[in-house]
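Protein sequence lines, in the order shown, are assigned to chains A and B. Numbering follows this note's numbering, in which position 310 of the first sequence is assigned residue number 359; successive positions increment by one, without gaps. Numbering follows this note's numbering, in which position 286 of the second sequence is assigned residue number 335; successive positions increment by one, without gaps. Glycine is no exception: its CB is placed at the ideal position from the N, C-alpha and C atoms. Written below as structure tokens is the structure these notes are about.
2 protein chains.
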Amino acid sequence: MTLEEVARRAGVSTATVSRVLNKTGVVRETTRKRVLQAARELRYHPNLHARTLAGAKSNTLGMIVSNIENPFFIDIFRSLESAAIQKGYEVVVEHTDYKSSRLVTCVRAMLGRRVAGLAAIVSEMDPSLIEELTESGVPVVFYDVGLPARNITNIRVRYERGMQRTVEYLYSMGHRRMAFVGHHASLGPLQARKKTFIETMGRYSGQVQFTTALSTDSPAGGKQAAHELLASEFRPTAVLCVNDFMALGVIRELRDQGFLVPRDISVTGFDNIQLSEFSNPALTTVNIPRRKIGQMAFEALAPKESSGDRPREFVIDPELLVRESTGPAPL
Amino acid sequence: MTLEEVARRAGVSTATVSRVLNKTGVVRETTRKRVLQAARELRYHPNLHARTLAGAKSNTLGMIVSNIENPFFIDIFRSLESAAIQKGYEVVVEHTDYKSSRLVTCVRAMLGRRVAGLAAIVSEMDPSLIEELTESGVPVVFYDVGLPARNITNIRVRYERGMQRTVEYLYSMGHRRMAFVGHHASLGPLQARKKTFIETMGRYSGQVQFTTALSTDSPAGGKQAAHELLASEFRPTAVLCVNDFMALGVIRELRDQGFLVPRDISVTGFDNIQLSEFSNPALTTVNIPRRKIGQMAFEALAPKESSGDRPREFVIDPELLVRESTGPAPL
DNA sequence: TTGAAAGCGCTACCAC
DNA sequence: GTGGTAGCGCTTTCAA
Chain A
50 MTLEEVARRA GVSTATVSRV LNKTGVVRET TRKRVLQAAR ELRYHPNLHA
100 RTLAGAKSNT LGMIVSNIEN PFFIDIFRSL ESAAIQKGYE VVVEHTDYKS
150 SRLVTCVRAM LGRRVAGLAA IVSEMDPSLI EELTESGVPV VFYDVGLPAR
200 NITNIRVRYE RGMQRTVEYL YSMGHRRMAF VGHHASLGPL QARKKTFIET
250 MGRYSGQVQF TTALSTDSPA GGKQAAHELL ASEFRPTAVL CVNDFMALGV
300 IRELRDQGFL VPRDISVTGF DNIQLSEFSN PALTTVNIPR RKIGQMAFEA
350 LAPKESSGDR PREFVIDPEL LVRESTGPAP L
Chain B
50 MTLEEVARRA GVSTATVSRV LNKTGVVRET TRKRVLQAAR ELRYHPNLHA
100 RTLAGAKSNT LGMIVSNIEN PFFIDIFRSL ESAAIQKGYE VVVEHTDYKS
150 SRLVTCVRAM LGRRVAGLAA IVSEMDPSLI EELTESGVPV VFYDVGLPAR
200 NITNIRVRYE RGMQRTVEYL YSMGHRRMAF VGHHASLGPL QARKKTFIET
250 MGRYSGQVQF TTALSTDSPA GGKQAAHELL ASEFRPTAVL CVNDFMALGV
300 IRELRDQGFL VPRDISVTGF DNIQLSEFSN PALTTVNIPR RKIGQMAFEA
350 LAPKESSGDR PREFVIDPEL LVRESTGPAP L
């Protein structure tokens, strides 16, 4: 089914059919009806590829996330998407599983698709890709990686502040033996998180002991990391997780091994995903405003007619949310 | 950046560049190098729209799900995707939030994109859309809706069997007052689920009492439904949830109101999403093999050279998984 | 208000 | 091995 067939059936030119279907230009009402009728009878579906190829302007935004199973990313996606849809955009998501190789594929695909803008909410960005994106001229939003440039907007979370607040709180509750549970330490931003933990611990040097464990970004990963932690001789009174998703698994493992949270061991997360409230016990966590991030991302990507499109940087200062999974250290 | 510019820079024709980039046809090694070099220097990204428009054959599969926040759907997506990627396909997801209007948009978009196949894992399918898809000739997989046709494959779960097994189990544990928590009863398949519960209850008429509550498909929705349940005069000893995602919220609300699960009230889910194991208490649920469903969907969509593409129907008989959230009814 | 035709960027077929 | 070129299906001037 092509435009031409519809035109033929309606007894008009393809130009007219195009006008009718796109509601552009004026068309006599009777003609319009005839065209619509023909299109319906033929079950015509315009070829989007031909459309964008001919039209040039894309109203598609792209978004790439590291882990589509982690609700954190889905929340940002939904927020960005709802802002986008409101303005007549559509957004396509891809995910990388934290693999650089997949990221390259995704970015290429997005660029090939000629997206109007791209949000890269990923941890595994490498310099050459950043350069490629910068030079592509396409509006891009990075989360936690990259530097601002004319077409690049950055959103970054002051992770160290969140970490610091968590540790201070835990310290004030008497905790002196802490463990950090993370994932993918080989990736820049995640490596940085672990480092931040270690540096923060450094401030209490002599007063606190600590260790770290790594696994995959999932509840199962958290469970496994906790398992390793408990298998070692180091017995933490508090476990700080790089995110809520893993914390869910940590709590599970602790419980399986007979520990009570928070009576025996306190656990904290990061992100404040919805599930953190539904966890039992409800998770003490650090709030990261996902909705706001999605909105910021959209604003940075949508053509900003008013202001010049200078590079921007958004910085988020996350706050600690104390709930049920933390308490005083056991004696 | 276009193919032509690359060709000019490399001093060859566009045909040659195309051959090099697609690894199709033979090209002298030196020429190849030169082309690649030019492409790199120009930071050339082939226009995917032009490509598919010219090439005709699409290796993109589409998938539409009702609720992208519910891990159940993500699991199926990931399974389908990994099978697809292995065979050189890519898959794009869209979600509808259970809204028929959005479903229409999504289907149109997929058809416009000329996907090679479409998996509609949704509950809000209406007859006219089904007809549209059937007549489009595109290979389609429906989950829980629609009838087999030459290009339509159906995957259906014997929901009633799962429900029945759950009720039998609960009954055997002494439960005589049960409640069903669901969502979107206006949509066919979900309406059917509720009806199945009611019919199953009918078999025990006189012996058991029951009620139902509806909310949205999320932990928050489950929490709210549970809240309404407890606000009424009806006090169930067991709450059967339409899925695990909502059950998470139900458990939370029960706990918030001081009930112990399963001592005071038993709770069951459906789907056996990963999180159901990480719930506290771990959820008694009915397993639905998401991985298998994704694989089946892919097989049904991928061009099947061997067998003729006769319509197919896969039927899944789900089994009960007893974990910690259920127990004997309180006296 | 409508039609003719020139592309959009690429693939594929046919010559050379 | 390589180049020329006819489309793929649509939008968009430019004329009529």
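| Asked | Found |
| --- | --- |
| Please classify residue 293/A as buried or exposed, where buried requires at least 16 other C-beta atoms within 10 Å of its C-beta. | buried |
| Whole angstroms is fine: what's the gap from residue 258/A's alpha carbon to residue 230/A's? | 15 Å |
| Closest by CA to residue 174/B, which one among 165/B, 190/B, 162/B and 164/B? | 190/B |
| Would a C-beta distance cut-off of 7 Å place residue 128/B and residue 344/B closer than the cut-off? | yes |
| Throw me the rounded Cβ distance for the residue 114/A and residue 142/A pair, which I believe falls under 8 Å. | 7 Å |
| For the candidate residues 216/A, 237/A and 297/A, whose alpha-carbon lies nearest to that of residue 227/A? | 216/A |
| Which residues in chain A have a C-beta closer than 7 Å to the C-beta of residue 161/B? List them in chain order. | 94, 95, 96 and 97 |
| Please report how far the alpha carbon of residue 97/B lies from the alpha carbon of residue 195/B, in whole angstroms. | 33 Å |
| Can you tell which of 326/A, 209/A and 296/A has its C-alpha closest to the C-alpha of residue 314/A? | 296/A |
| Find the residues of chain B that neighbour residue 265/A, judging by a C-beta separation of less than 9 Å, and give them in chain order. | Those do not exist, as residue 265/A stays about 12 Å from chain B at its closest Cβ, beyond 9 Å. |
| In terms of residue numbering, what span does the beta strand (DSSP E) encompassing residue 110/A cover? | 109-114 |
| When you compare each of 161/A, 176/A, 214/A and 156/A to residue 168/A by their alpha carbons, which one comes out closest? | 156/A |
| Can you tell me which residues form a DSSP beta bridge with residue 290/B? | 230/B |
| Taking beta-carbon pairs under 9 Å, can you tell me which members of the segment 326-341 of chain A lie near chain B? | 326, 327, 328, 329, 330 and 331 |
| Where does residue 193/B fall in DSSP's three states? | coil |
| Can you pull the chain B residues whose beta carbon is under 8 Å from the beta carbon of residue 297/A, in chain order? | 324 and 327 |
| Between residue 266/B and residue 116/B, is the Cβ-Cβ spacing less than 7 Å? | yes |
| Which chain A residues sit within Cβ distance under 7 Å of residue 184/B? | 92 |
| Apart from the five residues on each side of it in sequence, which residues of its chain come closer than 8 Å, Cβ to Cβ, to residue 76/B? | 65, 68, 69 and 84 |
| If you count every other CB in all the chains shown that lies within 10 Å of the CB of residue 150/A, and 16 or more means buried, which is it? | exposed |
| Go to residue 251/B, then tell me how far its alpha helix (DSSP H) extends in each direction, as first and last residue. | 237-252 |
| Consult DSSP for residue 98/B and reduce its assignment to one of helix, strand or coil. | helix |
| Just tell me which of 110/A, 148/A, 119/A and 145/A has its CA closest to the CA of residue 130/A. | 110/A |
| According to DSSP, residue 140/A sits in a beta bridge with which residue or residues? | 110/A |
| What does the Cβ neighbour count give for residue 247/A, buried or exposed, with the cut at 16 atoms within 10 Å? | exposed |
| Along the beta strand (DSSP E) that carries residue 306/B, what are the first and last residues, could you check? | Counting along the chain, residue 306/B falls outside any beta strand (DSSP E), and DSSP gives it neither H nor E. |
| List the residues of chain A that residue 181/B touches, going by C-beta distances under 7 Å, in chain order. | 92 |
| Going along chain B in order, which residues have a C-beta closer than 8 Å to the C-beta of residue 102/A? | 96, 98, 99 and 102 |
| Determine contact between the segment 298-310 of chain B and the segment 264-282 of chain B, defined as no fewer than three beta-carbon pairs at a distance below 8 Å. | yes |
| Any beta carbon of chain B sitting closer than 7 Å to that of residue 123/A? | yes |
| Taking only beta-carbon positions, decide if residue 188/A is within less than 7 Å of chain B. | no |
| For residue 269/A, return the contacting residues in chain B, with the cut-off set at a CB-CB distance below 9 Å. | 323, 326 and 327 |
| Go through its chain and collect everything with a Cβ distance to residue 376/B's Cβ below 8 Å, but skip five positions before and after it. | 222, 311, 312 and 315 |
| Out of 60/A, 305/A and 262/A, which has the shortest C-alpha to C-alpha gap to residue 290/A? | 262/A |
| Against chain B, with Cβ distances strictly below 7 Å, would residue 302/A count as a contact? | no |
| Any beta carbon of chain B sitting closer than 7 Å to that of residue 173/A? | no |
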